[in-house]
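>
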Amino acid sequence: MPLPLLPRIDRTYVHANESGALQPIRTERALIRDEDFDFTVRWVSSLALKDAGRVSAALRRDPDHNPFLPPEEDLNVGPVGKHHLAVLNKYPVIERHLLIVTQAFESQTTPLSLADFVALARVTTELGGLGFYNGGTEAGASQRHKHLQWIPGTTPASSNFDRITARLPVVGRGEAIFDAKLPWRHRFVRLRPAPPGSDSAALNGAALHQAFHAACAALGLAADRDPMPPYNMLTGGGWLVVVPRSREQHEGISVNALGFAGSLFVRRPEQIDVVRRIGPLHLLTSVGFPA
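Mapping the sequence shown onto UniProt numbering, position 164 (from 1) lands on 164, and the numbers just tick up by one.
#1: Could you check whether the stretch 171–184 touches the stretch 126–145, counting it as contact only if at least three pairs of C-beta atoms, one from each stretch, sit closer than 8 Å?
#2: Determine the contact status of P229 and P244, defining contact as a CB-CB distance below 8 Å.
#3: Can you grab the Cα-Cα spacing for the pair M1 / R8, in whole Å?
#4: Cutting at 8 Å between CB atoms, please list the residues of its own chain near P71, excluding the five before and the five after it.
#5: Measure the beta-carbon distance from W184 to P290 and round it to whole angstroms, keeping in mind my assumption that it falls under 8 Å.
#6: Any idea if G20 is buried or exposed, counting beta-carbon neighbours within 10 angstroms, 16 or more meaning buried?
#7: Quick check: the Cα distance between H147 and F117, rounded to an integer number of angstroms?
#8: Once DSSP output is grouped into helix, strand and coil, what is the label at E28?
#9: So what does D38 bridge to, in DSSP terms?
#10: My assumption, with CB atoms under 8 Å, is that N232 sits in contact with A121. Please give the rounded CB distance.
#11: Please classify residue 293: is it buried, with 16 or more other beta-carbons within 10 angstroms of its beta-carbon, or exposed?
#12: Give me, in chain order, the residues of the same chain whose beta-carbon lies closer than 6 Å to that of F132; leave out the 5 immediate sequence neighbours on both sides.
#13: Does the stretch 215–223 come into contact with the stretch 66–83, if we say contact requires no fewer than three beta-carbon pairs (one atom in each stretch) closer than 8 Å?
#14: Taking DSSP as the reference, what is the three-state secondary structure of Y13?
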């Protein structure tokens, strides 16, 4: 029987740190409040300017290089189901940032499948936390090979997402709704939890898959279209949300799925003033579509 996931992640994390395969990006952060919402903005620490090179490497888009086929040995946590591997992010801003990659090549713009959601659910059912997906370059994806992502529940992004979903009305499970205070197009769907004693990960994965289709349908997106138009997906705390994207950045500030969980990253500290001037809510609306 394989080890539970958390010890496997921790063992791989320690080894990758010692071998140098893991190259974390040390950051500082500021809090910005916009209306009723809190945002965390991170930037490369002034005490670790060498990490700026790691940022460039992490964001570099090289169509001729696939870091997941095969993944770097020291970063490979191991199988998650039959069709996916769990791999540590080589350049993490957040500790234990996990990538859930398809073992065979699939494009990041192909539709998310039931198998993709079951693999993600094998992580979230055991560990909680926040799962997310950047559907294409315009949605913040830096690699073409399909990969979902996961971060622990102790992170500001996960906590912010929980605060956002806590504001939502109590609705039936599977129903697609929107928050009128969020100025960009989106749909949330409340998830159906697996009953006790069942294959929880498989059932939770099926619930995620159904919720994704419900959110896409409410937004007028075909969830099985190949290629999919750009979008972000996030899930945690019993909810899933889909956000259609219009572009990857606004005024030089790039945004991925975590932006819609209140977590932004800028390359240079002076860009924080740009975020403050624009306002995080306007920034997110500018890279999505107005509600």
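Every residue gets a Cβ at the ideal spot worked out from N, C-alpha and C, and that includes glycine.
Reading from the atomic positions:
#1: no
#2: Residue 229 sits at position 229 when you count from the first residue of the sequence shown. Residue 244 sits at position 244 when you count from the first residue of the sequence shown. For P229 and P244, yes; Cβs fall inside 8 Å.
#3: On the sequence shown, position 1 is the one that residue 1 refers to. On the sequence shown, position 8 is the one that residue 8 refers to. The pLDDT assigned to M1 is 44, lower than 50, so where the model puts this residue is not dependable; a value taken from the coordinates is nonetheless given after this. C-alpha separation (whole angstroms): 13 Å.
#4: On the sequence shown, residue 71 is found 71 positions in, with the first residue counted as 1. The residues are L85, V87 and V101.
#5: What you label residue 184 is simply residue 184 of the sequence shown in a count that begins at 1. What you label residue 290 is simply residue 290 of the sequence shown in a count that begins at 1. Between P290 and W184 the Cβ distance is about 7 Å, and since that is below 8 Å, they are a contact.
#6: Looking up residue 20 in the sequence shown gives position 20. Result: exposed.
#7: Translated into the one-based positions of the sequence shown, residue 147 becomes position 147. Translated into the one-based positions of the sequence shown, residue 117 becomes position 117. Distance between the alpha carbons of H147 and F117 is about 11 Å.
#8: By one-based count along the sequence shown, residue 28 stands at place 28. Note: E28 maps to strand in three-state DSSP.
#9: Translated into positions along the sequence shown, residue 38 becomes position 38. Looking at the DSSP assignment, D38 forms a beta bridge with R33.
#10: If you number the sequence shown from 1, residue 232 lands on position 232. If you number the sequence shown from 1, residue 121 lands on position 121. Their Cβ separation, rounded to whole angstroms, is 18 Å, which puts N232 and A121 out of contact at 8 Å.
#11: Since the first and last residues shown for the chain are 1 and 291, residue 293 lies out of range.
#12: Numbered from its first residue, the sequence shown carries residue 132 at position 132. Here the set comprises Q149, L234 and A257.
#13: By the Cβ rule, the stretch 215–223 does not count as touching the stretch 66–83, because fewer than three pairs are nearer than 8 Å.
#14: Indexing the sequence shown from 1 puts residue 13 at position 13. Here Y13 sits in helix by DSSP.
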